[in-house]
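Right, one structure below, let's go through it.
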Amino acid sequence: MNNENHPVYHPLDSIEDVEQFYAAIRRDKLTEKLSPERPYCYWTIETYDKSNGIRGGGGLGVLAADMRRVAEQLSVPFVLVTPFYPWESHQKMENLEQTDYHVQQNYKDFGFNFVDNVSIKTATTSVQLDVIEKRLGASRFLCITEPNFGELYSGESGSDHRLYQEVALGFGGYKALKLVGCRPGIIQLNEVATFFAALARLDELVSSGMDFYEAVVYTRKHTLYTNHTLVQAAEATFHYSQFEQYVFPNIKSVAVRRWLSDKFTDGWIRLSTPSVEIAELRSGVSKLHARVANYRDINGNKVKFKAVTNGIHMRTWTHPEIMNFYHDRGILDKFDLPTERDFVENIDAVSAADIRHLKNLGRAKLNSILQNRTDQYGNTIQIPEGAMLFDFKRRFVDYKRPWLPFSNPERIAQILQDNDAHYILAGRVHTGDSNMYNRLMNLLHLIDSNPILKERVHYLPDYDEELGLGLSLGANASINTPIVGLEACGTSWMKDIANLGLLISTHDGGVADMPSDNYLTIEGKTEEEECKNLYKQMEVAAKAWQNDFDLEYWIHRQLVAYLDVISGSRMMRDYLNYLF
Ligand SMILES: *Cc1c(COP(=O)(O)O)cnc(C)c1O
1361 MNNENHPVYH PLDSIEDVEQ FYAAIRRDKL TEKLSPERPY CYWTIETYDK SNGIRGGGGL
1421 GVLAADMRRV AEQLSVPFVL VTPFYPWESH QKMENLEQTD YHVQQNYKDF GFNFVDNVSI
1481 KTATTSVQLD VIEKRLGASR FLCITEPNFG ELYSGESGSD HRLYQEVALG FGGYKALKLV
1541 GCRPGIIQLN EVATFFAALA RLDELVSSGM DFYEAVVYTR KHTLYTNHTL VQAAEATFHY
1601 SQFEQYVFPN IKSVAVRRWL SDKFTDGWIR LSTPSVEIAE LRSGVSKLHA RVANYRDING
1661 NKVKFKAVTN GIHMRTWTHP EIMNFYHDRG ILDKFDLPTE RDFVENIDAV SAADIRHLKN
1721 LGRAKLNSIL QNRTDQYGNT IQIPEGAMLF DFKRRFVDYK RPWLPFSNPE RIAQILQDND
1781 AHYILAGRVH TGDSNMYNRL MNLLHLIDSN PILKERVHYL PDYDEELGLG LSLGANASIN
1841 TPIVGLEACG TSWMKDIANL GLLISTHDGG VADMPSDNYL TIEGKTEEEE CKNLYKQMEV
1901 AAKAWQNDFD LEYWIHRQLV AYLDVISGSR MMRDYLNYLF
């Protein structure tokens, strides 16, 4: 998204480079295991890559898009199988009133080519899907779509339409893969909505003559299920009758149908149950999450998850000048991994002047993005170059607690005024979440009623990648307040650290991969204590930006501790190491 919304990749120069990357991860035979005909196949219901026409909803989609971008950069043969949604939803706000609107999307506008049609069945009819593709280096998008496919996450979870979308992605996507001449080297299921891809594979093996148990073993060995949810009970359930309508008509093998029928309890199924059965490889998205995710298999045994912490595609989410800086100063190598020699010394050599200079570039970019945005009153805002900026940018969901910093309105107003600081709140309430919508409205009225907050706190609706990036580039300190234990990983905080902002956070998700003395941590046994701590850390952050020594201290600590975690190439390396 840097450079006029068109990401510029610097693919590795030669096959020697690729071999060197594989050698670096001690998998030098990988070029034999993965090839253009046998690629790494990544299934996801959500992708967040607007420059390629697909808008997502949150972190799950950002992760999928970044996996493909990293694969493209590192020349890993990779297919992203995902829907192209013909409609996307947006929100705008004027005079504290929110309106939803919907925008139609045409894949031809984003450089996709039509490949052919495939069809999937329901009990009463068959549905024709368009298969479209777009190749980018060694990676490609392979999408299924049709005019009535609808929006991402339209309808209730557990509804017929969701099941239809998931079946279309799984069975339709598997047919699409064959259509373009690929066999999966590995299938990664990005959450259980993609379960039907692995089922389609199992069914194909059995119906083409493989012994059922051999086919299960084979499918299991080549399938990785990545979990992002902590509690199994929170997952949608589907009824057997819905499967009779949408799923069973697509299964050729009687044995596979019987196997799947056995996974229902009292007529209901959660897709995680067959997912952990069909995937021998299972991962969670941070160390903490992999440890605490509480999933049981069909026999009631606890499911073990391997931790592969999410990373980000650094060249997408970091200011180009900062990326150049990391490379020139020997902090990142050509794979965007932390350098092996002198990494810590090179970070210690980063001066406050360097940090301020690079942050000013980021602030200018943020202001240019803000030209095309409006706040809760419908006004355009700009943040002065010399002012301090805090930000809170996330989906508006309960556990992330966007209202927490406003628990004591006078106190936060004082902090903002004393430090000539502004606060940008960006978020998106899930359509239909009336609880969060009301909390947001209450918050906006609270801000409206306090003259200091009204001047210094700006809510920006329709949070998306552009705003996510812009705020990471331009903010001095970001606030991340998930209830400890509820964030699976989170990646916004990674964008903030990569762009030389200070992180103020509870110790949760991927942040907890490293000890809490590496950033401005929020601790406390009660919400009230946490909030007091948050205010204290906001003051520490504001002071640090006025004091070279403190600024260097915290930025150095953050980079030394987290650059390895943040690097998407590190994530790809960890996945390849786990898979092969
Ligand atoms: C980075 C990003 C996310 C990830 O958010 P977390 O709350 O950190 O998981 C979600 N949405 C958008 C638009 C992003 O850019």
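Numbering of the sequence shown is given in our numbering, commencing with residue 1361 and proceeding in unit increments. Heads up, the beta-carbon is just placed ideally off N, CA and C, and yes, glycines get one too.
Opening and closing residue of the alpha helix (DSSP H) in which residue i lies
i     : result
T1676 : 1674–1677
Q1906 : That residue, Q1906, is in no alpha helix (DSSP H); it is neither H nor E in DSSP.
W1763 : Unbroken run through W1763: none, as it is neither H nor E.
H1588 : Unbroken run through H1588: none, as it is neither H nor E.
Q1742 : Here Q1742 belongs to no alpha helix (DSSP H), and DSSP marks it neither H nor E.
I1691 : Premise fails: I1691 is in no alpha helix (DSSP H) and is neither H nor E.
H1521 : 1520–1527
M1874 : Element bounds for M1874: n/a, residue is neither H nor E.
G1532 : Neither: G1532 is in no alpha helix (DSSP H) and is coded neither H nor E.
Y1573 : 1572–1581
V1616 : 1614–1621
D1714 : 1712–1730
S1809 : 1794–1809
E1705 : 1703–1708
Residues that DSSP places opposite residue i in a beta bridge
i     : result
H1450 : Y1461
C1503 : T1442, I1492
A1781 : M1748
L1863 : S1838
S1635 : Per DSSP, none; premise fails for S1635.
T1881 : S1865
Q1666 : Sequence check: residue 1666 is Lys here, not Gln. Paired residues: S1643.
C1401 : V1439, I1547
V1969 : Coverage of the chain is limited to positions 1361 through 1940, which leaves residue 1969 absent and any answer about it impossible.
G1845 : Paired residue(s): none; G1845 is not in a bridge.
V1789 : F1756
I1629 : F1598
I1414 : D1409
S1927 : I1672
R1428 : Bridge partners of R1428: none, in fact.
Cβ neighbour criterion (16 or more within 10 Å) applied to residue i
i     : result
P1762 : buried
T1586 : buried
L1822 : Contrary to the premise, residue 1822 reads as Asp rather than Leu in this sequence. With 16 or more other Cβ atoms within 10 Å, it is buried.
K1612 : exposed
P1698 : buried
P1507 : exposed
K1662 : exposed
H1679 : buried
V1368 : With a pLDDT of 47 at V1368, under the threshold of 50, the predicted position of this residue should be treated as unreliable, and no value is reported.
A1313 : Given that the chain is displayed from residue 1361 to residue 1940, the structure contains no residue 1313 and the question cannot be resolved.
L1648 : buried
L1443 : This sequence places Pro at residue 1443; Leu is not what is there. Buried, by the Cβ-count rule.
G2011 : The structure shown does not extend to residue 2011, since the chain is modelled only from 1361 to 1940, so the question has no answer here.
N1363 : Confidence at N1363 is low in this model, with a pLDDT of 39, below 50, so its placement is unreliable and the value that follows should be read with caution. Under this definition N1363 is an exposed residue.
D1696 : buried
R1754 : buried
H1366 : Residue confidence is low: H1366 scores 45 on pLDDT, short of 50, so the model does not pin down where it sits. Its coordinate-derived value is still stated next. By the 10 Å Cβ count, H1366 comes out exposed.
W1628 : exposed
F1474 : exposed
G1861 : buried
Extent of the continuous beta strand (DSSP E) run through residue i
i     : result
Y1513 : It is not in any beta strand (DSSP E) - Y1513 carries neither H nor E in the DSSP assignment.
L1549 : 1546–1550
G1644 : 1641–1644
S1479 : 1473–1481
H1687 : Run containing H1687: none in the beta strand (DSSP E); it sits in the alpha helix (DSSP H), 1680–1688.
H1818 : 1817–1820
heavy atom of ligand 3 below 7 Å from residue i C-beta
i     : result
V1591 : Ligand 3 is absent from the structure shown, which contains only ligand 1.
Counting Cβ pairs, one atom from each stretch, are 3 or more of them under 8 Å apart for the segment 1572–1585 and the segment 1428–1435? no
Just checking, does the segment 1802–1815 make contact with the segment 1833–1852 on the three C-beta pairs under 8 Å criterion? Judged by pairs of C-beta atoms under 8 Å, the segment 1802–1815 does not touch the segment 1833–1852, as fewer than three such pairs exist.
Touch check for the segment 1390–1410 and the segment 1638–1655: three-plus C-beta pairs under 8 Å? Output reads no: the segment 1638–1655 does not touch the segment 1390–1410.
How about the segment 1903–1918 and the segment 1709–1720: do they share at least three Cβ pairs that are nearer than 8 Å? yes
Please determine if the segment 1863–1873 and the segment 1834–1842 are in contact, where contact requires at least 3 C-beta pairs separated by less than 8 Å. yes
Mind the definition here: the segment 1453–1470 touches the segment 1527–1543 only if three or more C-beta pairs lie below 8 Å; say whether that holds. no
For the segment 1636–1643 against the segment 1664–1673, do three or more pairs of beta-carbon atoms, one drawn from each stretch, fall closer than 8 Å, so that the two count as touching? yes
For the segment 1516–1524 against the segment 1562–1571, are there 3 or more C-beta pairs whose distance is under 8 Å? no
Evaluate contact between the segment 1741–1759 and the segment 1823–1835, counting only Cβ atoms and requiring at least three cross-stretch pairs below 8 Å. yes
Is the segment 1735–1747 touching the segment 1443–1454, taking contact as three or more C-beta pairs under 8 Å? yes
With contact counted as at least three CB pairs below 8 Å, one residue from each stretch, are the segment 1543–1558 and the segment 1496–1515 in contact? no
Should the segment 1686–1694 be called in touch with the segment 1890–1897, which here means at least 3 C-beta pairs below 8 Å? no
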